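A.B. asks: Going down the list, the protein sequences come from chains A and B.
With this note's numbering applied, the first sequence has no gaps in its numbers, which climb one by one up to 320 at the end.
With this note's numbering applied, the second sequence has no gaps in its numbers, which climb one by one up to 320 at the end.
Note that beta-carbon positions come from the ideal geometry of N, C-alpha and C, so glycine has one too.
Treat the numbers as computed from the prediction; the structure is a model and nothing was measured.
2 protein chains.
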Amino acid sequence: MCVLGLGLIGGSLLRAAEAAGRDAFGYNRSVEGAQAARFDGFDANEDLDQVLGRAADSEALIVLAVPMPALPIMLDHIRTMAPRCAVTDVISVKDAVLQQVTTCGLLDNYVGGHPMAGTAHSGWAAGDARMFTGAPWVVSVDDHVRPDIWTDVMDLALDCHAVVVPARSDEHDAAAAAISHLPHLLAEALSVTAGEIPLAYALAAGSFRDGTRVAGTSPDLVRAMCEANSADLLPVLDRAIELLGSARTTLADRASVAELVETGHAARMRYESFSRPEILATVIGAENWREELAAAGRAGGVIRSALPSRDSRG
Amino acid sequence: MCVLGLGLIGGSLLRAAEAAGRDAFGYNRSVEGAQAARFDGFDANEDLDQVLGRAADSEALIVLAVPMPALPIMLDHIRTMAPRCAVTDVISVKDAVLQQVTTCGLLDNYVGGHPMAGTAHSGWAAGDARMFTGAPWVVSVDDHVRPDIWTDVMDLALDCHAVVVPARSDEHDAAAAAISHLPHLLAEALSVTAGEIPLAYALAAGSFRDGTRVAGTSPDLVRAMCEANSADLLPVLDRAIELLGSARTTLADRASVAELVETGHAARMRYESFSRPEILATVIGAENWREELAAAGRAGGVIRSALPSRDSRG
């Protein structure tokens, strides 16, 4: 397996794949990052064409773990150097990646992925082989995906001890806007607001720390994921503003925040009791397998051990 | 020491005070709560007048650990049964408590307090003797406070391994709105918004869990603290809505959330590097001691070991 980009997620993936006994190697643009990985005993290089040549020779699965802005140039190199390799990614938006892959003519080779894991830190040193343990790892079931590549990506996620959530790219992006991108904007707004009140930092405790933790993430990363998903982020941001505005009105008019607090608590309780049934019955490549997996994922279903596959182009 | 109310905070306080070697006893309205505390080996009773009679006889410091709505009736009983006891509280708003204490005629006995600690759970069973370890514990330095009672409350907080932050009640409430009450409303809004997107719970990971953790708090507790502090909560809620609205506009107009993300990250970084100098020089009861402590607290200062006191009514 070949990882392009050895930051927090790519670096964790290289470690996790090695720990699972895979033959894994990686590329990192900065010499420092590649050196740090080599120093830690991993197979890493800063020469992209050399790494991609090796991926082509070994028919490796290529994993894109670069920031969105670096994607077009990576895809160009893959098309030139390793046009027959299967390709996946670990980037936090899926429709925008899908579009660039399509533009580049690599759609047939591609199955999107997104492990829902991370910390507020970045770079090789912040990585951890256990980053993905127990985390949901979305593997896209868009109309074009090939069963053989889907199986490869599923196997990689399971080797990293993640649970696989099958989902369409558009549904992934709508959900990610609500559970990842919106939380970042709320955390930023809370940080700014509290920073303007003299005594606030002196009293800050658990609810402030938790509520602003992700504001510690590098602004470039936060901007990249929010801005690449603006079409899905706007409606959930509007909804959050609407809910807060209604609470503001009832608080001012009759000193009550009952409606927001009660519906919010009920929603959080539903989340806490959300069940994760295991997906067992689907055969990858069988008729309607993509639609079946998308429906199961939407209902909370996860893949914990490899599904059987009918080894065809389905 | 006498604790009125043995829920999460009061129950933790009774445990922490005992662990510090204090003679501590408590009252709980529900027989079940008092029984649970007795079963765990603590001195607890559900007969309020008996507990307050004992507090009066032993000149105990009385700690109010009841929800806001129960406060007037508690204060009435204290005035009747133990009118000479020193009184503090651990309630999350300070001006509203101060007003009720004033109305009840107990102002001369009272120094407000608020340990900035808690979990999303409630009740005796959720308590923990180490709840306050390292937590900021606000002790109010309003114009009326007496040095002898202030010293008693400071000593209690230090016995519980908290760090004391001296602050005026009005400044406490403005800060608490920003770092405690606003985070609760943001968490509720995030829970509701995500709950409306089909795939959201299936993908929810760290940023959603952290951002909604406090939405797990009992709605009654959240409402009580937000609604009792509406005058201070409204302006910070307005500010947060304004920041989110501006980000919405730039995201829609030019696919950018740069301003919010960069100022939010900078504010969080300031918080992470916020220093907590120890307050060492003030003598409790000396001239301008209250103003001196309020200024030191505003600048981030904390009391880690007992300050000397001039034993007068200052």
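If you follow the alpha helix (DSSP H) that residue 153(A) is part of, which residue opens it and which one closes it?
C.D. replies: That run of the alpha helix (DSSP H) goes 153-165.
A.B. asks: So, with DSSP's three-state summary, where would you put residue 205(A)?
C.D. replies: Reduced to three states, the DSSP call for residue 205(A) is coil.
A.B. asks: Could you check the C-alpha separation between residue 222(A) and residue 271(B) for me, to the nearest Å?
C.D. replies: Approximately 6 Å, taken between the alpha carbons.
A.B. asks: Rank 140(B), 164(B), 173(B) and 135(B) by C-alpha distance to the C-alpha of residue 151(B) and give the top, closest one.
C.D. replies: Nearest option by C-alpha distance: 173(B).
A.B. asks: Determine whether the beta carbon atoms of residue 241(A) and residue 213(B) lie at a separation below 9 Å.
C.D. replies: Cβ distance not < 9 Å, so residue 241(A) and residue 213(B) don't count as in contact.
A.B. asks: Below 8 Å between beta carbons is the criterion; list the residues of the segment 217-238 of chain B that meet it against any residue of chain A, in chain order.
C.D. replies: Against chain A - using a Cβ distance shorter than 8 Å - the residues of the segment 217-238 of chain B are 217, 218, 219, 220, 221, 222, 223, 224, 225, 228, 229, 232, 233 and 236.
A.B. asks: Below 8 Å on C-beta distance, what does residue 182(A) contact in chain B?
C.D. replies: Here the neighbours are 209.
A.B. asks: Quick one: list the residues of chain A neighbouring residue 278(B), beta-carbon separation under 8 Å, in chain order.
C.D. replies: Result: 222.
A.B. asks: List, in chain order, every chain B residue whose beta-carbon is nearer than 7 Å to that of residue 195(A).
C.D. replies: Ordered by position in chain B, the residues that pass the 7 Å Cβ test against residue 195(A) are 246, 249, 250, 266 and 270.
A.B. asks: Counting along the chain, where does the beta strand (DSSP E) carrying residue 142(A) start and finish?
C.D. replies: From DSSP, the beta strand (DSSP E) with residue 142(A) extends over 142-146.
A.B. asks: Would you kindly report the start and end of the unbroken beta strand (DSSP E) that includes residue 170(A)?
C.D. replies: Run containing residue 170(A): 169-173, per the beta strand (DSSP E) assignment.
A.B. asks: Quick one: measure Cβ to Cβ for residue 148(B) and residue 104(B), integer angstroms, because I've assumed they're closer than 8 Å.
C.D. replies: Confirmed, Cβ separation roughly 7 Å.
A.B. asks: What separation, rounded to the nearest whole angstrom, lies between the Cα atoms of residue 101(B) and residue 179(B)?
C.D. replies: For residue 101(B) and residue 179(B), the distance between alpha carbons rounds to 7 Å.
A.B. asks: Mind reading off the beta-carbon distance from residue 62(A) to residue 90(A)? Whole number of angstroms is fine, and I expect it under 8 Å.
C.D. replies: The Cβ separation is near 7 Å, so the contact holds.
A.B. asks: Among 92(A), 68(A), 131(A) and 55(A), whose alpha-carbon lies nearest the alpha-carbon of residue 13(A)?
C.D. replies: Among 92(A), 68(A), 131(A) and 55(A), the Cα nearest to that of residue 13(A) is on 131(A).
A.B. asks: My output table needs one value for residue 213(A): the three-state DSSP class, helix, strand or coil.
C.D. replies: Residue state, collapsed to three classes: helix.
A.B. asks: Measuring CB to CB, does residue 71(A) end up less than 9 Å from residue 46(A)?
C.D. replies: Result no, Cβ atoms of residue 71(A) and residue 46(A) do not sit closer than 9 Å.
A.B. asks: So what does DSSP say about residue 31(B), is it helix, strand or coil?
C.D. replies: Three-state result, residue 31(B): strand.
A.B. asks: Taking only beta-carbon positions, decide if residue 310(B) is within less than 9 Å of chain A.
C.D. replies: Taking Cβ atoms only, chain A never reaches closer than 9 Å to residue 310(B), which makes this a no.
A.B. asks: Are the C-beta of residue 124(B) and some C-beta of chain A separated by less than 9 Å?
C.D. replies: Chain A, which has a Cβ nearer than 9 Å to the Cβ of residue 124(B), makes this yes.
A.B. asks: What number of angstroms, rounded off, separates the C-alpha of residue 57(B) from the C-alpha of residue 51(B)?
C.D. replies: About 7 Å.
A.B. asks: Quick check: what's the CA-CA separation for residue 209(B) versus residue 122(A)?
C.D. replies: Looking at the two C-alpha atoms, the distance is approximately 7 Å.
A.B. asks: Check whether the segment 153-168 of chain A touches the segment 184-202 of chain A, taking contact to mean three or more Cβ pairs, one atom from each stretch, closer than 8 Å.
C.D. replies: Cβ pair count under 8 Å is below three, so no.
A.B. asks: Grab the span of the beta strand (DSSP E) containing residue 321(B) for me, first residue to last.
C.D. replies: For residue 321(B) there is no data in the structure shown, the boundaries of chain B being 7 and 320.
A.B. asks: Might you give, ordered along the chain, the residues of its own chain that have their beta carbon closer than 6 Å to the beta carbon of residue 17(B), omitting 5 neighbours on each side?
C.D. replies: Only 130 and 133 meet the Cβ criterion.
A.B. asks: Go ahead and label residue 275(A) buried or exposed: buried means 16 or more other beta carbons lie within 10 angstroms of its beta carbon, across all protein chains shown.
C.D. replies: Exposed.
A.B. asks: Does residue 280(A) pass the burial test, meaning 16 or more other C-beta atoms within 10 Å, or should it be called exposed?
C.D. replies: Its Cβ having fewer than 16 others within 10 Å, residue 280(A) is exposed.
A.B. asks: So, at 8 Å on beta carbons, what are the nonlocal neighbours of residue 140(A) in its own chain, with the 5 sequence-adjacent residues on each side left out?
C.D. replies: Here the set comprises 167, 168 and 169.
A.B. asks: Thinking C-beta only, is residue 316(A) closer than 9 Å to residue 285(A)?
C.D. replies: Cβ atoms of residue 285(A) and residue 316(A): not closer than 9 Å.
A.B. asks: Using a Cβ-Cβ distance under 9 Å, would residue 78(A) count as near chain B?
C.D. replies: Not one chain B Cβ lies under 9 Å of residue 78(A).
A.B. asks: Under 9 Å, Cβ to Cβ, is there at least one residue of chain B near residue 321(A)?
C.D. replies: The structure shown has nothing for residue 321(A), since chain A only spans 7 to 320.
A.B. asks: In or out: residue 287(B) buried (at least 16 other Cβ within 10 Å) or exposed?
C.D. replies: When all chains shown are included, residue 287(B) counts as exposed.
A.B. asks: Are the beta-carbon atoms belonging to residue 182(A) and residue 107(A) less than 9 Å from one another?
C.D. replies: No.
A.B. asks: Relative to the C-alpha of residue 23(A), which residue among 163(A), 245(A) and 142(A) is closest?
C.D. replies: The shortest C-alpha separation from residue 23(A) is found at 163(A).
A.B. asks: If you count every other CB in all the chains shown that lies within 10 Å of the CB of residue 294(A), and 16 or more means buried, which is it?
C.D. replies: It counts as exposed.
A.B. asks: Does residue 188(B) have its Cβ less than 9 Å from a Cβ in chain A?
C.D. replies: It does: the Cβ of residue 188(B) has a partner Cβ on chain A nearer than 9 Å.
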